[in-house]
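What follows is a set of notes on a single structure, which appears directly below.
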Amino acid sequence: MKKTLFLLLLFPVLVFGNTIWGKTGHRVTGQIAQNYLTGKAKRALNDLLEGHSLAFVSTFADDIKADRSYSKYSAWHYVNYPLGTSYRDSDKSEYGDIVVAIEECIQKVKNNENSKEDRVFHLKMLIHLIGDLHQPMHASRVEDKGGNDIQVQWFGEGSNLHRVWDKNLIESYGMTYSELAYELSDVDKKKRKAIQGGTIYDWVDESHAICAELYDSVEIGDKLGYRYSYDYNDLLFQQLQKGGIRLAKVLNDLFD
Ligand code: ADE
Ligand code: ZN
Ligand code: ZN
186 MKKTLFLLLL
196 FPVLVFGNTI
206 WGKTGHRVTG
216 QIAQNYLTGK
226 AKRALNDLLE
236 GHSLAFVSTF
246 ADDIKADRSY
256 SKYSAWHYVN
266 YPLGTSYRDS
276 DKSEYGDIVV
286 AIEECIQKVK
296 NNENSKEDRV
306 FHLKMLIHLI
316 GDLHQPMHAS
326 RVEDKGGNDI
336 QVQWFGEGSN
346 LHRVWDKNLI
356 ESYGMTYSEL
366 AYELSDVDKK
376 KRKAIQGGTI
386 YDWVDESHAI
396 CAELYDSVEI
406 GDKLGYRYSY
416 DYNDLLFQQL
426 QKGGIRLAKV
436 LNDLFD
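Residue numbering for the sequence shown follows my numbering, starting at 186 and increasing by one per position.
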């Protein structure tokens with residue numbers, strides 16, 4: 186009985202455990218974006234999301250991973266291409282990738298002739314994927330599946346480089362998503378404009394370059410803990426903040 190319960194509790198971890206930019210990261214990004222929406226975008230979002238917040242719907246794309254009928258969307262959460270190269274020049278996966286997916290979502294939501302259901306589905310995916318785009322290990326390399334195969338220890342427990350960035354680092358603060366979003370939401374207009382510059386193509390290459398640095402700073406079997414957390418605190422917060430501020434930009438443009 187105990188063993189069955191244990192396996193049941195472990196099931197989601199075994200199946201999805203190492204590929205999800207944790208719920209906290211997505212909610213922080215959604216909550217930050219909420220602060221920078223135009224009136225027009227707020228009204229359109231309120232209508233489509235039936236009053237739910239961006240933070241609330243931001244985890245939808247991970248929640249549906251449990252359902253096999255959505256398996257075609259699993260390649261939408263990331264992209265892998267050789268380090269030191271650009272997305273534009275890379276060979277594209279036949280299954281799609283996060284950049285193609287973001288563009289498709291924007292087109293689907295924009296087109297009023299699509300059903301509300303279809304538009305809402307793609308809007309929720311979009312809100313999630315802009316978050317994933319800012320998790321550096323989601324713009325990564327194929328050899329080790331975006332760091333999933335780089336086993337490390339996190340405060341003495343087994344983990345891997347991908348998982349450290351999906352959840353270990355952010356969870357080590359012990360803060361709620363609203364507390365983190367509050368800390369990261371005081372950004373003046375000049376800084377916001379700078380962050381919102383560029384295109385999805387620039388943003389994916391920026392994450393990809395950060396990812397290359399993260400690979401350089403870790404070896405298989407490393408024991409990570411306070412030192413790593415201290416070294417990468419600012420980078421983690423910067424990515425969450427950029428994700429939120431750019432999500433607002435994408436949504437404001439979409440509903441303009
Ligand atoms: N599977 C393969 N590559 C991946 C990546 N970069 N992120 C998440 N899952 C992956
Ligand atoms: Zn992930
Ligand atoms: Zn995801």
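All C-beta atoms, glycine included, are put in the ideal place defined by N, C-alpha and C.
- CA-CA distance, Ser-256 to Ile-312, rounds to 19 Å.
- Remark: three or more beta-carbon pairs, one from each stretch, lie closer than 8 Å, so the stretch 418–433 and the stretch 301–321 are flagged as touching.
- These are the residues, in chain order, with a beta carbon less than 5 Å from any non-hydrogen atom of ligand 3: His-262, Asp-317.
- Going by DSSP, Gly-343 is part of the beta strand (DSSP E) stretching over 342–345.
- Assigned with DSSP and collapsed to three states, Asn-265 falls in strand.
- Remark: C-beta atoms of Thr-214 and Leu-432 approach each other more closely than 8 Å.
- If the five residues before and after Gly-331 are omitted, its C-beta is found closer than 7 Å to the C-beta atoms of Tyr-263, Asn-265, Met-322, His-323, Ser-325, His-347, all from its own chain and listed in chain order.
- Contact between the stretch 206–224 and the stretch 349–365 is present: three or more C-beta pairs spanning the two stretches fall below 8 Å.
- Residues of the same chain with a CB within less than 7 Å of the CB of Ile-335, apart from the 5 flanking positions on each side, are Asp-329, Asn-345, Leu-346, Val-403, Ile-405 in chain order.
- Boundaries around Val-337 are those of the beta strand (DSSP E), 336–339, since no alpha helix (DSSP H) includes it.
- Around Asp-276, the same chain offers Tyr-266 as residues with beta carbons nearer than 8 Å, after the five sequence neighbours per side are excluded.
- Between the alpha carbons of Gln-216 and Ala-240 lies a gap of roughly 5 Å.
- In the DSSP assignment, Lys-374 falls within the alpha helix (DSSP H) that extends over 374–381.
- With a cutoff of 7 Å, Trp-206 counts as near ligand 2, since its C-beta is closer than that to a heavy atom of the ligand.
- Relative to ligand 2, His-347 has its C-beta within less than 7 Å of a heavy atom.
- Under the three-state reduction of DSSP, Leu-432 is assigned to helix.
- With respect to Ala-251, Phe-440 sits apart: the two C-beta atoms are not nearer than 8 Å.
- Ser-392 sits in a helix when the DSSP states are folded into three classes.
- As computed with DSSP, Leu-399 is found in no beta bridge at all.
- In the three-state scheme derived from DSSP, where H, G and I count as helix and E and B as strand, Leu-308 is classed as helix.
- At a cut-off of 7 Å, the beta-carbon of Gly-331 counts as near ligand 1: some heavy atom of the ligand is closer than that.
- Each of Thr-270, Tyr-400, Asp-390 was checked against the Cα of Trp-350, and the nearest Cα belongs to Tyr-400.
- Straight-line measurement puts the Cα of Glu-289 at about 41 Å from the Cα of Gly-341.
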